[in-house]
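Peer 1: Chains as they are written, first to last, in my numbering: chain L, 2 to 362; chain E, -12 to 25.
Ideal Cβ positions, reconstructed from N, Cα and C, are used throughout, including at glycine.
Since the structure is predicted, the reported quantities are computational estimates derived from the model, not experimental observations.
1. Using DSSP with H/G/I as helix, E/B as strand and the rest coil, what is residue 102 of chain L?
2. Roughly how many whole angstroms lie between the Cα atoms of residue 305 of chain L and residue 181 of chain L?
3. Could you check whether the Cβ of residue 299 of chain L sits closer than 7 Å to any Cβ belonging to chain E?
4. Does the structure place the region 92 to 104 of chain L close enough to the region -4 to 14 of chain E that three or more beta carbon pairs sit under 8 Å?
5. Residue 202 of chain L to residue 230 of chain L, Cα distance in whole Å?
6. Using only CA atoms, which one of L:131, L:157, L:303 lies nearest to residue 145 of chain L?
7. Any Cβ of chain L within less than 7 Å of the Cβ of residue 8 of chain E?
8. Any beta carbon from chain E within less than 7 Å of residue 277 of chain L's own beta carbon?
9. With a threshold of 8 Å, are at least 3 pairs of Cβ atoms found where one atom belongs to the region 61 to 79 of chain L and the other to the region 321 to 328 of chain L?
10. Does DSSP put residue 323 of chain L in a helix, a strand or coil?
11. My assumption, with CB atoms under 8 Å, is that residue 235 of chain L sits in contact with residue 220 of chain L. Please give the rounded CB distance.
12. Find the nearest neighbour of residue 312 of chain L within the set L:238, L:224, L:20, judged by alpha-carbon distance.
13. Going straight from the alpha carbon of residue 113 of chain L to that of residue 185 of chain L, what length do you get?
14. Check distances from the C-beta atoms of the region 279 to 296 of chain L to those of chain E and list, in chain order, the residues that come in under 8 Å.
15. So, using beta-carbon positions, are residue 191 of chain L and residue 209 of chain L closer together than 7 Å?
16. Taking the straight line between their C-alpha atoms, what separation do you get for residue 278 of chain L and residue 135 of chain L?
17. Enumerated in chain order, which unbroken segments of the alpha helix (DSSP H) with a length of 4 residues or greater are wholly contained in the region 168 to 223 of chain L?
18. Could you spell out the range, first to last residue, of the alpha helix (DSSP H) harbouring residue 77 of chain L?
19. With DSSP as the reference, label residue 86 of chain L as helix, strand or coil.
20. Rounded to whole angstroms, what is the Cα-Cα separation between residue 18 of chain E and residue 275 of chain L?
21. Could you tell me which chain E residues have their CB closer than 7 Å to the CB of residue 302 of chain L, listed as they occur along the chain?
22. Assess contact between the region 75 to 84 of chain L and the region 15 to 35 of chain L, defined as three or more Cβ pairs (one per stretch) separated by less than 8 Å. Is contact present?
23. I'd like to check one pair, residue 129 of chain L with residue 344 of chain L: are the Cβ atoms closer than 7 Å?
24. Find out if the Cβ-Cβ distance for the pair residue 30 of chain L, residue 352 of chain L is shorter than 7 Å.
25. For chain E, find out if any of its Cβ atoms is closer than 7 Å to the Cβ of residue 54 of chain L; answer yes or no.
26. Apart from the five residues on each side of it in sequence, which residues of its chain come closer than 6 Å, Cβ to Cβ, to residue 303 of chain L?
27. Within 10 Å of its beta-carbon, does residue -7 of chain E have 16 or more other beta-carbons around it, so buried, or fewer, so exposed?
28. When we look at the beta-carbon of residue 137 of chain L and count the other beta-carbons within 10 Å, is it buried (16 or more) or exposed?
29. Among residues of its own chain, excluding the 5 on either side of residue 237 of chain L, which ones have a beta-carbon nearer than 7 Å to its beta-carbon?
30. Measuring straight from C-alpha to C-alpha, what distance separates residue 271 of chain L and residue 252 of chain L?
31. Taking C-beta pairs closer than 8 Å, name the residues in chain E that residue 110 of chain L reaches, listed in chain order.
32. If the criterion is Cβ atoms closer than 7 Å, does the pair residue 315 of chain L and residue 61 of chain L meet it?
33. Can you tell me which of L:183, L:141, L:188, L:195 puts its alpha carbon nearest to the alpha carbon of residue 169 of chain L?
34. What residues in its chain sit with their C-beta under 8 Å from that of residue 291 of chain L, if we drop five residues either side in the sequence?
35. Hey, out of L:289, L:332, L:337, L:335, whose CA is closest to residue 9 of chain E's CA?
36. Note down, in chain order, every chain E residue with its Cβ under 9 Å from the Cβ of residue 215 of chain L.
Structure below.
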């Protein structure tokens, strides 16, 4: 069942009680996130005062590790679940606020490069995932969901595509479980590879933004590497997210033509409905900064607000990842997803290195 | 991506995130929040 892997959804009920129900989980996100921040500071200070050589482990990784420990070794009581599910809301709030760290010229340059790479990445990823789905005899709709999830933006894209192509709950749960499990692995493997190859912050950030599927994990993977890499990863991932409507629309039309999904009436309305609005918020914030709406100190405050929002997100990434429940979803979609992800990671890495040669990132 | 489930004025999670971020930006701009530490 979809509910078993904590879909990042918050049911909208217009009652004050809804907000009250969110409080325990949000407090848990804050406690886990702050514990990660505290651990980073404490360990660095302790190591320095004792003249130890200790690698600087970012608060991002600590917050995720604490969250993972809680969700996998303990049972998180039901009272916390609604609030934990708000991590995606904090992610999007953080992304909009992060727009204050980019002047429009940066967005156009890096975003333009990202967009060009995204088009190539999406096309190749879709082909690749469909080939793998066929080779492993997955159902066509499950293959479509895995393809959408791994080529664009993970869970959000799968949820958007599920409704558009009338996919089964079971198929979407399989696809989400595979994407989440692989995103969790990327958190640890991408930074290790990046450090061992001495990648620059921009190159690594672009790679994380293009290669890691879910927006929360892509943001965290970049931030684990460095603050600057996290910033670039968000920009690249935002460019990728902007394509969600077009790809989902293409799938909806394809399945409707085969008589296995409802027909799409107003295509412009469909695109607007699926378009992630936080991308517009991010661009608006960047525009405001480019027109000197904020002082330097105010921009620092906005950047810090964005960090606090991300802190809650990273805690949520750990808290909602339960490997035991994911393993119950079956091995074949995971194998297809894993094979696809490794190939997509290699492919996007090649694309980013090529772009680095051409544009000198 | 959770969208509004009815044709009422319910906004999506994305839109609420944008509204909160812009409200925070306004609060910073007009010095309601003077300095946010990290």
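Peer 2: Reading from the atomic positions:
1. Residue state, collapsed to three classes: helix.
2. Each residue's alpha carbon lies about 27 Å from the other.
3. Cβ-Cβ to chain E under 7 Å: yes for residue 299 of chain L.
4. Verdict: yes, contact present.
5. Linking residue 202 of chain L to residue 230 of chain L through their CA atoms gives a straight-line distance of about 4 Å.
6. Comparing Cα-Cα distances from residue 145 of chain L to each of L:131, L:157, L:303, the minimum goes to L:131.
7. Taking Cβ atoms only, chain L reaches closer than 7 Å to residue 8 of chain E, which makes this a yes.
8. For residue 277 of chain L, the answer is yes, since a Cβ of chain E falls inside 7 Å of its Cβ.
9. In short, these stretches touch, since the Cβ pair count reaches three.
10. It is coil, neither helix nor strand.
11. That pair is a contact at about 5 Å.
12. Per the Cα distances, L:224.
13. Whole-angstrom Cα-Cα distance: 28 Å.
14. Listed by position along the chain: 279, 281, 282, 285, 286, 289, 294, 295.
15. Cβ atoms of residue 191 of chain L and residue 209 of chain L: closer than 7 Å.
16. Straight-line Cα distance between these residues: approximately 34 Å.
17. DSSP runs (the alpha helix (DSSP H)) wholly in the region 168 to 223 of chain L: 170 to 197, 202 to 212.
18. That residue, residue 77 of chain L, is in no alpha helix (DSSP H); it is neither H nor E in DSSP.
19. It is coil, neither helix nor strand.
20. Each residue's alpha carbon lies about 35 Å from the other.
21. Among the residues of chain E, those whose CB is under 7 Å from the CB of residue 302 of chain L are 15, 20, 22, 23, following chain order.
22. Yes, the region 75 to 84 of chain L touches the region 15 to 35 of chain L.
23. Note that the C-beta distance between residue 344 of chain L and residue 129 of chain L is below 7 Å.
24. Between residue 30 of chain L and residue 352 of chain L, the gap from beta carbon to beta carbon reaches 7 Å or more.
25. In terms of beta-carbon proximity, residue 54 of chain L stays away from the interface with chain E, with every pair separated by 7 Å or more.
26. Excluding residues within five positions, the ones whose Cβ falls inside 6 Å are 98, 101.
27. Its pLDDT being 46, under 50, residue -7 of chain E is placed unreliably in this model, and the coordinates cannot settle the point.
28. The residue in question, residue 137 of chain L, is exposed, as its Cβ has fewer than 16 Cβ neighbours within 10 Å.
29. Take residue 237 of chain L, set aside five residues on each side of it, and the residues of its chain with a beta-carbon closer than 7 Å to its own are 115, 206, 207, 210, 211, in chain order.
30. Rounded to whole angstroms, residue 271 of chain L to residue 252 of chain L spans 12 Å at the Cα level.
31. Taking a Cβ-Cβ threshold of 8 Å, none of the residues of chain E is close to residue 110 of chain L; the smallest such distance is about 23 Å.
32. Taking 7 Å as the Cβ cut-off, residue 315 of chain L and residue 61 of chain L qualify as a contacting pair.
33. Looking from the CA of residue 169 of chain L, the closest CA among L:183, L:141, L:188, L:195 belongs to L:141.
34. Excluding positions up to five away in sequence, the list reads 104, 105, 106.
35. The shortest C-alpha separation from residue 9 of chain E is found at L:289.
36. Those do not exist, as residue 215 of chain L stays about 12 Å from chain E at its closest Cβ, beyond 9 Å.
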